[in-house]
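A short worksheet on the structure shown next.
Protein chains: 2
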Amino acid sequence: MRVFPQPATEDIQLTEVLHALSDPARLEVVTRLAVERELTCRGVGDEIGLHKSTMSHHYRVLRESGVVSSRQEGRQKFMTLRRDDLDARFPGLLDSILGATL
Amino acid sequence: MRVFPQPATEDIQLTEVLHALSDPARLEVVTRLAVERELTCRGVGDEIGLHKSTMSHHYRVLRESGVVSSRQEGRQKFMTLRRDDLDARFPGLLDSILGATL
DNA sequence: CCTATTGTTGGACTGTTGTCAAACTTTCAA
DNA sequence: TTGAAAGTTTGACAACAGTCCAACAATAGG
Chain A
1 MRVFPQPATE DIQLTEVLHA LSDPARLEVV TRLAVERELT CRGVGDEIGL HKSTMSHHYR
61 VLRESGVVSS RQEGRQKFMT LRRDDLDARF PGLLDSILGA TL
Chain B
1 MRVFPQPATE DIQLTEVLHA LSDPARLEVV TRLAVERELT CRGVGDEIGL HKSTMSHHYR
61 VLRESGVVSS RQEGRQKFMT LRRDDLDARF PGLLDSILGA TL
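Protein sequences, first through last, are from chains A and B.
According to the UniProt record's numbering, the residues represented by the first sequence are 1 to 102, in order.
According to the UniProt record's numbering, the residues represented by the second sequence are 1 to 102, in order.
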């Protein structure tokens, strides 16, 4: 599998992050990532009833906006929240959004 | 002019707020509202070079998502940020977004 | 080597969004 | 009453988004 680009911390754009999180499926993924630390593509997709290619699309949006990063391990790809980067770039933003979803 | 509906505080949806703020023009309007308290439709539109009907559309999105409310005075319509409502519903969210744009 | 698993890609379809222009409504002021 | 000003609405259009399916690529395990 290829390596995927993700923006440097200082290149993360606020409007892109807000857009990424404005989709219910992606927001759901992010709230789970906040608790479970790592997720595979399939994991959440099955639970919320979305096709794997749809999930792949959502993960891509999350990655390209700078919200998550991915780590490859065998066939699986694990996604993690870029907590520190987001906190550094937009202090308090992620916490307030996560707090609002609980 | 007609009266426009706006959601009650408890009906404000996080995804809709995030979507409303994910557009650069609307985010610009909101950051100005945070400083100037009140704005008319025309005011900002001219400065950022958008047609008045486009601005009307953006104000509508902001209003229906619960981000702003409007007050009619003569021919003009003044928009204000629903700061208290947003803070009550999603504590810290607006501040972190406004802080990120400065 | 063959096969099942995991995810990506491209195509297709549907629906939404941002934008402007033109027509309309309401209101204020000569 | 006539006209100008402020917004709204509708129509049009291009661009983008979310979804699924089918085909593909890469990897792990018999």
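Where a beta carbon is used, it is the ideal one built from N, C-alpha and C, also for glycine.
Whole-angstrom C-beta distance between V17/B and V68/B, which should lie under 8 Å: On the second sequence, residue 68/B is found 68 positions in, with the first residue counted as 1. On the second sequence, residue 17/B is found 17 positions in, with the first residue counted as 1. Not confirmed; about 11 Å, so no contact.
Any chain A beta carbon closer than 8 Å to D95/B: Indexing the second sequence from 1 puts residue 95/B at position 95. Chain A contact via Cβ: present.
Beta-carbon proximity check, L86/A vs A34/A, cutoff 8 Å: Numbered from its first residue, the first sequence carries residue 86/A at position 86. Numbered from its first residue, the first sequence carries residue 34/A at position 34. No. Outside cutoff.
S69/B - containing beta strand (DSSP E), residue span: For the purposes of this step, residue 69/B is taken as the residue at position 69 of the second sequence. Counting along the chain, the beta strand (DSSP E) containing S69/B begins and ends at 68 to 73.
Alpha-carbon to alpha-carbon, T40/A and E73/A: For this step, residue 73/A is matched to residue 73 along the first sequence. For this step, residue 40/A is matched to residue 40 along the first sequence. E73/A and T40/A: Cα-Cα distance of roughly 10 Å.
Segment contact, 8 Å Cβ cut-off, at least three pairs: the segment 5 to 22 of chain A with the segment 57 to 65 of chain A: yes
Residues sharing a beta bridge with F78/B, DSSP: Mapped onto the second sequence, residue 78/B falls at position 78. Answer by DSSP bridge pairing, in chain order: R71/B.
Cα-Cα separation between R75/B and D46/B, rounded to whole angstroms: Here the question's residue 75/B lines up with position 75 in the second sequence. Here the question's residue 46/B lines up with position 46 in the second sequence. Roughly 17 Å separates the two Cα atoms.
Cβ-based burial, L27/B [other Cβ within 10 Å; buried from 16]: As a first step, residue 27/B is located in the second sequence; it is residue number 27 there, counting from the start. Per the 10 Å Cβ criterion, buried.
Neighbourhood of T31/A by C-beta distance below 7 Å, restricted to the same chain and skipping five residues each side: Taking the first sequence and counting its residues from 1, the one referred to as residue 31/A is at position 31. Answer for T31/A: L98, T101, listed in chain order.
CB contact check: H19/B to chain A, cutoff 8 Å: Stepping through the second sequence from its first residue, residue 19/B is reached at position 19. Yes, because at least one Cβ of chain A sits closer than 8 Å to the Cβ of H19/B.
Under 9 Å from the C-beta of T101/B: neighbouring residues of chain A: Numbered from its first residue, the second sequence carries residue 101/B at position 101. Ordered by position in chain A, the residues that pass the 9 Å Cβ test against T101/B are L14.
Residue burial classification, H58/A (beta-carbon count within 10 angstroms, cutoff 16): Reading the first sequence from its first residue, position 58 is the one you call residue 58/A. It counts as buried.
Beta-ladder partner(s) of L39/A, from DSSP: Against the first sequence, residue 39/A aligns to sequence position 39. DSSP, once it has assigned bridges, lists M79/A as partnering L39/A.
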